[in-house]
Structures are given as structure tokens and as C-alpha cells.
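A.B. asks: Numbering follows numbering that gives the first Met the number 0, with no gaps: position 256 of the sequence shown is 255.
Each residue gets a CB set at the ideal place from its N, CA and C atoms; glycine is no exception.
Right, I'll just put the structure down here and ask away after.
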Amino acid sequence: MLSPFREQLEGFRQQVQQSFGEEAKERHTLAYEIRQLQQLNNQMTKETVNLTRALKGDNKIQGNWGETILARILEASGLRKGSEFETQVSINTGYNSRYQPDVIIRLPEGKDVVVDAKMSLVAYENYFNSDDPDEQANAIKNHIASIRNHMRILSRKDYHQLPGVRSLDYVLMFIPIEPAYLLALKESPELLDEGIKQNIMLVCPSTLLVAVRTINNLWRYERQGQNAQEIAAKAAKMYDKLRLFVEDMQLLGTSLDKADHAYQSAMKRLAEGRGNLISQAESFKEMGVEVKQPISPQLVDKSDKPYCAES
Numbered sequence: 000m001l002s003p004f005r006e007q008l009e010g011f012r013q014q015v016q017q018s019f020g021e022e023a024k025e026r027h028t029l030a031y032e033i034r035q036l037q038q039l040n041n042q043m044t045k046e047t048v049n050l051t052r053a054l055k056g057d058n059k060i061q062g063n064w065g066e067t068i069l070a071r072i073l074e075a076s077g078l079r080k081g082s083e084f085e086t087q088v089s090i091n092t093g094y095n096s097r098y099q100p101d102v103i104i105r106l107p108e109g110k111d112v113v114v115d116a117k118m119s120l121v122a123y124e125n126y127f128n129s130d131d132p133d134e135q136a137n138a139i140k141n142h143i144a145s146i147r148n149h150m151r152i153l154s155r156k157d158y159h160q161l162p163g164v165r166s167l168d169y170v171l172m173f174i175p176i177e178p179a180y181l182l183a184l185k186e187s188p189e190l191l192d193e194g195i196k197q198n199i200m201l202v203c204p205s206t207l208l209v210a211v212r213t214i215n216n217l218w219r220y221e222r223q224g225q226n227a228q229e230i231a232a233k234a235a236k237m238y239d240k241l242r243l244f245v246e247d248m249q250l251l252g253t254s255l256d257k258a259d260h261a262y263q264s265a266m267k268r269l270a271e272g273r274g275n276l277i278s279q280a281e282s283f284k285e286m287g288v289e290v291k292q293p294i295s296p297q298l299v300d301k302s303d304k305p306y307c308a309e310s
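Below you can see the structure in the form of C-alpha cells.
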């Protein structure tokens, strides 16, 4: 009778321990994860510098490679493709036009963040490969102009108004080469404000890592909240089961009390009081009646004096 209740209680205990155990483990591993993300960022920075040397101004290769770096950052953050983010989602507006954001990151409560990784880095490549100060200065101007032009293009797309996309009011414009991002802000710090006014937020590998890691934490808290709700629901069900079990035990106790009372009453009739059944039965033995097996001596001892039949 207690087995189903015991199993349910054990399952509830294990789920609570697992929930709090995972949370404690995540707290202890946070520092390790930060170090891992830092190492990943350093590695990607080295790779981007090497790529910049090899690109030779090919915009198509730069765009594809930027999307690859973006996907690696998202996966390294813990977000899952097809679940917390999607790539190359085709969106039809109904006006013979089609949009295809590089990445859509899903947020809890149905919100989205659009990330664009098609930034041209031809001007930065020219700056990086030149040793002439005048050429470098001109390349920097072109690099900043390229960023401003791409921000205007993104702003006109109005991703947050596309059907089926519940995007926030801004788009993340990803610059995959960290030094290119830092150089632009060093020479033109107002770029960040200009982007915000156009609902564009400039990000590089390190800042994007922070952003997507924060989003991953939001999802973790969301799942923990869902687990807490599930635990609360199971606790309520278990409480109801316990209440019914207690009520059944109380009824059982009442029934046992009644049964004990009936048992004691029957035993009194059997072996107590004048003329009880055992005394009467034993009197027949004294009269010479043969029996196959005598009544338990303990009951006979408890009975009153032998019953004397009237003549």
C-alpha cells in the first residue's frame, strides 16, 4: 500500500536534488567558462588576423567567413542551433521581396535578436597590408565609411517589423575581426551612438560573446523556472496524495479500533463471565464427553469457574 507513495516521494526528492545540484555546478563552473570563452576569443582573433592577410579583398569570402565565426561563437556560448538560434532564415514580406537574416537568436517569452555578419572588411584589409601612413589613413576613412554605409543598409531593412519575427528594436551588426572593430571606434568613437540611433548595435567577437552568454543564462534561468514550476506542481500532487493517504490511514485506524472492540467483546463472551462458552464446553468434558483435541489451556485458564448445568 505504501509502495506507490514511497516511489513518488523518492522521485520528487531526486528531482529537487538534481535541480539544485545543477544550479550549484553551474555556479562553480562559471569561472571556468569565462576562461574558456576568453581563450576562444583569443584564438578567433589570431585566426581573423591570418584570414585578413589571405582575403585580398574578396567580399564573398569575408561574408561567408564572418558567418562561420558568428556560428562558432553562438555554439561556444551554449546556445543550440535550431533551438535557441537559427541561421539563414528566409522571410517573405508579401511584397515580392525576401529577407534572409544571417542569424536569429531566440529569447525567452518569444522575443528575437537579429544578427548580421555581412560587414565588408576590404578597407581594413588595405589598411592592414599597407605600410604607407597616407594609404593607411585613407584606408581607415574608407573602413569607417563602410561601417556607416552598412549600418544605413541594415537600418532600412527594419528587421523588427518583419512578419514572424518578434525582434527587439535593434539589430546586432557583427564585425568578426576584433582589431577592425577597435580601430574604427578608436578613430570614430561616435559610431556606437550613430548605430544606436539607427537601431543598430555594433559588436565584435568579445562583446558578442558577452551578449550571447547572457542570453544563454536567460534560457538557463527560464528552464530552471520551468523546473521549479514542475516541482511545485508535483509537490502539490504529492501533498494531495499524502492527504488522501492520511485520511485512509485514519479510516483504517477507526476500523481497527472497531474491530478490536468487537474482538474484545467476543472474547469476553467466549472466556469471561459466568456461563461463558469455554466454561460450558469444559463442563461437557467433565461429564464424560470425548473430544478429539482440547481447547487451548491459556483460554481455559482465563475462563471462570466451570459451568454447572441445571438438573
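Just the Cα atoms here: how many angstroms apart are Val245 and Ala232?
C.D. replies: Looking at the two C-alpha atoms, the distance is approximately 20 Å.
A.B. asks: Just checking, does the stretch 211 to 223 make contact with the stretch 63 to 83 on the three C-beta pairs under 8 Å criterion?
C.D. replies: Judged by Cβ distances under 8 Å, the stretch 211 to 223 makes contact with the stretch 63 to 83, as three or more pairs qualify.
A.B. asks: Who are the Cβ neighbours of Tyr169 in its own chain at under 6 Å, not counting the five residues just before and after it?
C.D. replies: These residues qualify, in order along the chain: Asn198, Met200.
A.B. asks: Below 8 Å between beta carbons: does that hold for Glu177 and Cys203?
C.D. replies: Yes, the pair counts as a contact, with Cβ atoms nearer than the cut-off.
A.B. asks: Alpha carbon to alpha carbon, how far is Gly272 from Ser254?
C.D. replies: About 26 Å.
A.B. asks: Report the partner residues of Thr86 according to the DSSP bridge assignment.
C.D. replies: Beta-bridge pairing links Thr86 to Val102.
A.B. asks: Count the other CB atoms within 10 Å of the CB of Ser295; is the residue buried (16 or more) or exposed (fewer)?
C.D. replies: The residue is exposed, with fewer than 16 neighbouring Cβ atoms inside 10 Å.
A.B. asks: Any chance you could list the beta strand (DSSP E) runs of at least 3 consecutive residues sitting entirely within the stretch 158 to 225, in chain order?
C.D. replies: Fully enclosed beta strand (DSSP E) runs of 3 or longer: 166 to 173, 199 to 202.
A.B. asks: Given this structure, state the Cα-to-Cα distance separating Glu134 from Tyr126, to the nearest angstrom.
C.D. replies: Going by the C-alpha atoms only, they are around 7 Å apart.
A.B. asks: Taking the alpha carbon of Tyr123 as the point to measure from, which residue in Gln297, Val290, Met286, Pro175 has its own alpha carbon closest?
C.D. replies: Measuring from the Cα of Tyr123, the nearest candidate turns out to be Pro175.
A.B. asks: Is Val245 helix, strand or coil by DSSP?
C.D. replies: Residue state, collapsed to three classes: helix.
A.B. asks: Grab the span of the beta strand (DSSP E) containing Asp115 for me, first residue to last.
C.D. replies: Note, Asp115: beta strand (DSSP E), 111 to 115.
A.B. asks: Residues in its own chain within less than 7 Å of Asn275 by CB, not counting five upstream and five downstream?
C.D. replies: Only Arg268, Leu269, Ser302, Asp303 meet the Cβ criterion.
A.B. asks: Measure the Cβ-Cβ separation of His149 and Ala179 and say whether it is below 8 Å.
C.D. replies: Cβ distance not < 8 Å, so His149 and Ala179 don't count as in contact.
A.B. asks: What are the boundary residues of the alpha helix (DSSP H) that Asp130 is part of?
C.D. replies: First-last for Asp130: undefined, no H or E at that position.
A.B. asks: Are the CB atoms of Met118 and Phe84 nearer to each other than 8 Å?
C.D. replies: It is not a contact, given that the beta carbons lie outside the stated cut-off.
A.B. asks: Looking at the secondary structure, which residues open and close the alpha helix (DSSP H) in which Pro296 lies?
C.D. replies: Counting along the chain, the alpha helix (DSSP H) containing Pro296 begins and ends at 296 to 301.
A.B. asks: What residue does the alpha helix (DSSP H) around Lys284 start on, and which one ends it?
C.D. replies: Counting along the chain, the alpha helix (DSSP H) containing Lys284 begins and ends at 276 to 285.
A.B. asks: Can you give the Cα-Cα distance for Ala53 and Asp192, rounded to whole angstroms?
C.D. replies: The pLDDT assigned to Ala53 is 47, lower than 50, so where the model puts this residue is not dependable, and the model offers no usable value.
A.B. asks: Count the other CB atoms within 10 Å of the CB of Val288; is the residue buried (16 or more) or exposed (fewer)?
C.D. replies: Looking at its Cβ environment, which holds fewer than 16 other Cβ atoms inside 10 Å, Val288 is exposed.
A.B. asks: If you run the structure through DSSP and keep just helix, strand and coil, what is Lys291?
C.D. replies: Looking at Lys291 - three-state DSSP - the assignment turns out to be coil, as it is neither helix nor strand.
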